[in-house]
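Notes to accompany the following structure.
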């Protein structure tokens, strides 16, 4: 079976969660291939899932926050030759969130 990100470019998403004072939430990844790196919340876009909705889902799963409206920020492309991976990710930004962040799924 073909594997996204390995056999063909995978589609990912990310969300920049920004406080009113301009600070941004970053999570330290525990899983390969990004283990030990600081990053915004995000992950894979599922088949037939809208990327903005995927960014909300991933952010809520990984941070424990409740996320409101998001807007498109940029596109990111990551090629990881050592792992044979290739990802194209749609990145969104929000200042509309509530709750206290918790590391729930890095």
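In this note's numbering, the protein residues as written are 1 to 106.
Beta carbons: idealized from backbone N, C-alpha and C, even for Gly.
As the structure is a prediction and not an experimental result, all values here were calculated from the model.
Name the two residues that bound the continuous alpha helix (DSSP H) containing residue i.
i	result
residue 103	Segment: none, residue 103 is in no alpha helix (DSSP H) and carries neither H nor E.
So what does DSSP say about residue i, is it helix, strand or coil?
i	result
residue 78	strand
residue 4	strand
Let me confirm a value: residue i is counted as buried when at least 16 other C-beta atoms fall within 10 Å, else exposed. Which label applies?
i	result
residue 35	exposed
residue 97	buried
residue 54	buried
residue 62	buried
residue 104	exposed
Determine the extent of the beta strand (DSSP E) in which residue i is found, giving its start and end residues.
i	result
residue 18	Segment: none, residue 18 is in no beta strand (DSSP E) and carries neither H nor E.
residue 93	85 to 94
To test your reading of the DSSP string, which unbroken beta strand (DSSP E) runs of 3 or more residues are found completely within the region 22 to 72?
41 to 44
Below 8 Å, can you find three or more Cβ-Cβ pairs linking the region 30 to 50 to the region 7 to 18?
yes
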